[in-house]
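A short worksheet on the structure shown next.
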Amino acid sequence: MMTCQKISIQALNTTLKCTICRTDIKDNSSVYQSKNNYGIICGRCYQKFTEEDIELMLILFLTYGGYFGQLPKDQFSFFKTLKEIHNKTSINDNSSQIVEINMRLLHKSLLHGLYPEQYQAKLRKLINSPGCSYVL
Ligand SMILES: [Zn+2]
């Protein structure tokens, strides 16, 4: 399903920034706009990410702030971040809390420039590790 549309900004007399990576979008560039929440996406991000990932990232950055690659990748620890988020959340049988932890962990991963498929690989590794007590 096509959820983004290609638009032209040549007629606009302003500099737009990509909602995903915050790169300036030049006048003669093509940009894409989400039909779901009107986020503007540069051609580079449109090429790098699936439309499903773009829509999810737009929601996460709108909800929690920041942008893709905002923070240094080498200072990010997936497991340490999960532990920090887990410690701030009281876990019970409420599955919405599990979803929130998952969304916050994905958001932090994106801020540090982890691609969604890298996030999924790290999550898969965590779930498959011996002694794992998380079901995200
Ligand atoms: Zn971008």
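Okay, so the sequence shown: first residue is 20 according to our numbering, each after it adds one.
The beta-carbon is built from N, C-alpha and C at its ideal position, and this holds for glycine as well.
Residues surrounding ligand 1 [beta-carbon distance to nearest heavy atom under 7 Å]: 37, 39, 40, 42, 60, 61, 63 and 64
Residue 64, enclosing alpha helix (DSSP H) - first and last residue: Counted from its first residue, the sequence shown places residue 64 at position 45. Where residue 64 is concerned, the enclosing alpha helix (DSSP H) stretches over 62 to 67.
Cβ pair residue 74, residue 96 closer than 8 Å: Your numbering for residue 74 matches position 55 in the sequence shown. Your numbering for residue 96 matches position 77 in the sequence shown. No; because the gap between Cβ atoms is not below 8 Å, this pair is not in contact.
Identity of the residue in 105, 126, 127 and 128 nearest residue 117 by Cα: In the sequence shown, the residue the question calls residue 117 occupies position 98. Closest by alpha carbon: 105.
Local Cβ density within 10 Å of residue 123, reported as buried at 16 or more and exposed below that: The residue given as residue 123 occupies position 104 in the sequence shown. That one is buried.
Nearest residue (CA-CA) to residue 120, options 140, 133, 98 and 93: Here the question's residue 120 lines up with position 101 in the sequence shown. Considering only alpha carbons, the answer is 98.
Spatial distance of residue 101 from residue 125 (CA atoms): Position 82 of the sequence shown, counted from the first residue, corresponds to residue 101. Position 106 of the sequence shown, counted from the first residue, corresponds to residue 125. Roughly 10 Å between the two C-alpha positions.
Residues bridged to residue 36 (per DSSP): Residue mapping note: residue 36 aligns to position 17 of the sequence shown, counting from 1. For residue 36, which the question treats as bridged, DSSP gives the partners 43.
When 65, 64, 50 and 92 are compared against residue 132, the one with the closest alpha-carbon: Along the sequence shown, read from residue 1 onward, the residue named residue 132 stands at position 113. Nearest C-alpha to residue 132: 92.
Residue 59 to residue 149 span [Cα, whole Å]: In the sequence shown, residue 59 corresponds to position 40, counting from 1. In the sequence shown, residue 149 corresponds to position 130, counting from 1. Taking the straight line joining both Cα atoms gives about 42 Å.
Environment of residue 115 [buried if 16+ CB atoms lie within 10 Å]: As a working note, residue 115 is residue 96 in the sequence shown. Classification for residue 115: exposed.
Under 8 Å between C-beta atoms of residue 44 and residue 86: Looking up residue 44 in the sequence shown gives position 25. Looking up residue 86 in the sequence shown gives position 67. Taking 8 Å as the Cβ cut-off, residue 44 and residue 86 do not qualify as a contacting pair.
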